[in-house]
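Notes for the one structure printed next.
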């Protein structure tokens, strides 16, 4: 999908900001460094002092569980099957003693030891936006007291993504908005989304939830479903059909999720939908106590209608209303007459000026 000018501009800014950060990170020094990542447990320290420094790997390599392409936050936990490794050692006449696990990135090696029986290790304060490789090996001892070490596991890798994505735009095409009362005509609408992530991540999907007084539904929209691929910024329109009944208040909640699993702050739209067969004129809420803050909304079926008239029960003209925007399909009445005085309790008639036979009744309760 071709990017809009606004999304293209946003994407360029996102890329410049991210590249500056990565440039600073990669030019900070290229010399290989090693660093112990956590203190050596006393039990392991005592064993290490007895193991020959020239010990040659002889045992089968273990296996780390696969890593996702991206993980979120400044820390990452790598996992392995401790039971399988211990079982393999027993079959060969060895007792598992401890593990050594490493993280490699950008000329740095972080390492540490982990007790036998443990199946994971946590690396914290990791850099963002570069590939980090992890590997594992273990030490064991046979019945005669001889020590042995395994070959290193095949490396697994992932990239840290610190920041959650941002949902930049969430709109309903054709939405009519009057004093916080939103509606559309028809049960199926087009939803517009625009979302961006940091340069260390990519937008994977949109989560859309619909809530009403009678039900709650959830929908995941992978970007591949709309013909895109995960990217730093995405923009698309998605056809959506409401689950709620007509004229029922609905809350749509949308959020963006990146490929590391981080979710953006959600955006919410409150709306209801009118059946397309509701032609002519509809006044709501009804009955009502209209004010400037909470007016009566007078919905018409044709944007060309530019004027409606309000009459009292005796047929006297109370007010002539005009739309704020010619393209709107609604009028607002604050419950006042042409002299800006609040009308009293009673029934009122709203008539289209261009179609006098089309009207609706309004019950005002003070």
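Residue numbers (the numbering used here): 1309 to 1674.
For every residue, glycine included, the Cβ atom is placed at its ideal position computed from N, Cα and C.
Taking one C-beta from the segment 1516-1523 and one from the segment 1532-1543 each time, how about it: are there three or more such pairs within less than 8 angstroms? Result no; under three Cβ-Cβ pairs closer than 8 angstroms.
Backbone secondary structure at residue 1436 - three-state DSSP: In the chain shown, the residue the question calls residue 1436 occupies position 128. Residue 1436: coil per DSSP, three-state reduction.
Alpha carbon of residue 1670 to alpha carbon of residue 1647, nearest angstrom: Taking the chain shown and counting its residues from 1, one reaches residue 1670 at position 362. Taking the chain shown and counting its residues from 1, one reaches residue 1647 at position 339. Straight through space, the alpha carbons of residue 1647 and residue 1670 are spaced by roughly 19 angstroms.
Indicate whether residue 1643 and residue 1672 have their beta-carbon atoms separated by less than 9 angstroms. Taking the first residue of the chain shown as 1, we reach residue 1643 at position 335. Taking the first residue of the chain shown as 1, we reach residue 1672 at position 364. Yes; because the gap between Cβ atoms is below 9 angstroms, this pair is in contact.
Along the chain, where does the beta strand (DSSP E) containing residue 1627 start, and where does it finish? Working through the chain shown from its first residue, we reach residue 1627 at position 319. That run of the beta strand (DSSP E) goes 1625-1630.
Specify the secondary structure class of residue 1532 as computed by DSSP and reduced to three states. Residue 1532 sits at position 224 when you count from the first residue of the chain shown. Here residue 1532 sits in helix by DSSP.
Among 1410, 1384, 1471, 1445, whose alpha-carbon lies nearest the alpha-carbon of residue 1434? One-based indexing of the chain shown puts residue 1434 at position 126. Here the closest residue by C-alpha is 1384.
Going by C-alpha distance, which of 1499, 1389, 1468 is nearest residue 1545? Looking up residue 1545 in the chain shown gives position 237. Ranking the options by Cα distance to residue 1545, first place goes to 1499.
Alpha-carbon to alpha-carbon, residue 1580 and residue 1495: Here the question's residue 1495 lines up with position 187 in the chain shown. Here the question's residue 1580 lines up with position 272 in the chain shown. When rounded, the distance between both Cα atoms is 9 angstroms.
Which residues mark the beginning and the end of the beta strand (DSSP E) in which residue 1577 is found? As a working mapping, residue 1577 is identified with position 269 in the chain shown. Run containing residue 1577: 1575-1582, per the beta strand (DSSP E) assignment.
Do residue 1342 and residue 1460 have their C-beta atoms closer together than 9 angstroms? The count along the chain shown starts at 1 and reaches residue 1342 at position 34. The count along the chain shown starts at 1 and reaches residue 1460 at position 152. No, these two residues do not count as a Cβ contact at 9 angstroms.
CA nearest to the CA of residue 1359, picked from 1395, 1380, 1449, 1593: The residue given as residue 1359 occupies position 51 in the chain shown. Among 1395, 1380, 1449, 1593, the Cα nearest to that of residue 1359 is on 1449.
Is the separation between the beta-carbon of residue 1550 and that of residue 1497 shorter than 9 angstroms? Taking the chain shown and counting its residues from 1, one reaches residue 1550 at position 242. Taking the chain shown and counting its residues from 1, one reaches residue 1497 at position 189. Yes, the pair counts as a contact, with Cβ atoms nearer than the cut-off.
Note down the Cα distance separating residue 1392 from residue 1362, rounded to an integer number of angstroms. The residue you call residue 1392 lines up with position 84 of the chain shown. The residue you call residue 1362 lines up with position 54 of the chain shown. As the crow flies, the alpha-carbon of residue 1392 is around 27 angstroms from that of residue 1362.
Using DSSP bridges, identify the partner residues of residue 1463. Here residue 1463 is taken as the residue at index 155 of the chain shown, counted from 1. According to DSSP, residue pairing for residue 1463 in a beta bridge does not occur.
When you compare each of 1632, 1599, 1617 to residue 1625 by their alpha carbons, which one comes out closest? By 1-based counting over the chain shown, the position of residue 1625 is 317. When only C-alpha atoms are compared, the closest one is 1617.
Measuring only the C-alpha atoms, how far is residue 1411 from residue 1370? Counting from one through the chain shown, the residue named residue 1411 turns up at place 103. Counting from one through the chain shown, the residue named residue 1370 turns up at place 62. Answer to the nearest angstrom: the Cα atoms are 16 angstroms apart.
Applying the criterion that 16 or more other CB atoms from any shown protein chain within 10 Å of the CB defines a buried residue, is residue 1403 buried or exposed? In the chain shown, counting from the first residue as 1, residue 1403 sits at position 95. Residue 1403 should be labelled exposed.
To which residues does DSSP link residue 1384 through a beta bridge? On the chain shown, residue 1384 is found 76 positions in, with the first residue counted as 1. In the DSSP assignment, residue 1384 is bridged to 1431.
Is the CB-CB distance between residue 1446 and residue 1465 below 9 angstroms? The count along the chain shown starts at 1 and reaches residue 1446 at position 138. The count along the chain shown starts at 1 and reaches residue 1465 at position 157. No, these two residues do not count as a Cβ contact at 9 angstroms.
Closest to residue 1505 by CA distance: which of 1589, 1437, 1452, 1486 is it? Position 197 of the chain shown, counted from the start, is the residue given in the question as residue 1505. Checking every option, the nearest Cα to that of residue 1505 belongs to 1437.
Exposure of residue 1473, with buried meaning 16 or more beta-carbon neighbours within 10 Å: Locating residue 1473 in the chain shown gives position 165, where the first residue counts as 1. By the 10 Å Cβ count, residue 1473 comes out buried.
Take residue 1426 and list the residues in its own chain whose beta-carbon comes closer than 8 angstroms to its own, dropping the five residues that flank it on each side. Taking the chain shown and counting its residues from 1, the one referred to as residue 1426 is at position 118. So the list reads 1390, 1407, once near-sequence residues are dropped.
Going by alpha carbons, who is nearest to residue 1613 out of 1471, 1630, 1591? Residue numbering aside, residue 1613 sits at position 305 when the chain shown is read from its first letter. Between residue 1613 and the set 1471, 1630, 1591, the nearest pair of CA atoms involves 1630.
For residue 1327, which of helix, strand or coil comes out of DSSP? Position 19 of the chain shown holds residue 1327. Caution is warranted here: a pLDDT of 40 is assigned to residue 1327, below 50, making its placement in the model unreliable, and the coordinate value is therefore given only provisionally. Under the three-state reduction of DSSP, residue 1327 is assigned to helix.
Which one or two residues does DSSP pair with residue 1412 in a beta bridge? Numbered from 1 along the chain shown, position 104 holds the residue referred to as residue 1412. Answer by DSSP bridge pairing, in chain order: 1417, 1441.
Could you check how far apart the C-beta atoms of residue 1622 and residue 1484 are, in whole angstroms? I think they sit under 8 angstroms. Here residue 1622 is taken as the residue at index 314 of the chain shown, counted from 1. Here residue 1484 is taken as the residue at index 176 of the chain shown, counted from 1. Not confirmed; about 32 angstroms, so no contact.
In terms of DSSP beta bridges, what is residue 1617 paired with? To locate residue 1617, count along the chain shown from 1; it is residue 309. Its beta-bridge partners are 1628, 1659.
State the Cα-Cα distance for the pair residue 1636 and residue 1611, rounded to the nearest angstrom. Locating residue 1636 in the chain shown gives position 328, where the first residue counts as 1. Locating residue 1611 in the chain shown gives position 303, where the first residue counts as 1. Rounded to whole angstroms, residue 1636 to residue 1611 spans 6 angstroms at the Cα level.
Best match in 1588, 1674, 1591, 1583 for proximity to residue 1599 [C-alpha to C-alpha]: For the purposes of this step, residue 1599 is taken as the residue at position 291 of the chain shown. Selected option, being the one with the closest Cα: 1674.
Once DSSP output is grouped into helix, strand and coil, what is the label at residue 1366? By one-based count along the chain shown, residue 1366 stands at place 58. Coil.
Which whole-angstrom value is the C-beta distance of residue 1615 and residue 1628, which I expect to be below 8 angstroms? Position 307 of the chain shown holds residue 1615. Position 320 of the chain shown holds residue 1628. Contact flag correct, Cβ pair sits at about 6 angstroms.
For a test of the three-state rule: what should DSSP assign to residue 1424, helix, strand or coil? Sequence index remark: in the chain shown, residue 1424 carries index 116 (1-based). Here residue 1424 carries a coil assignment [DSSP, helix/strand/coil].
Which one or two residues does DSSP pair with residue 1342 in a beta bridge? In the chain shown, the residue the question calls residue 1342 occupies position 34. Answer is 1417, bridged to residue 1342.
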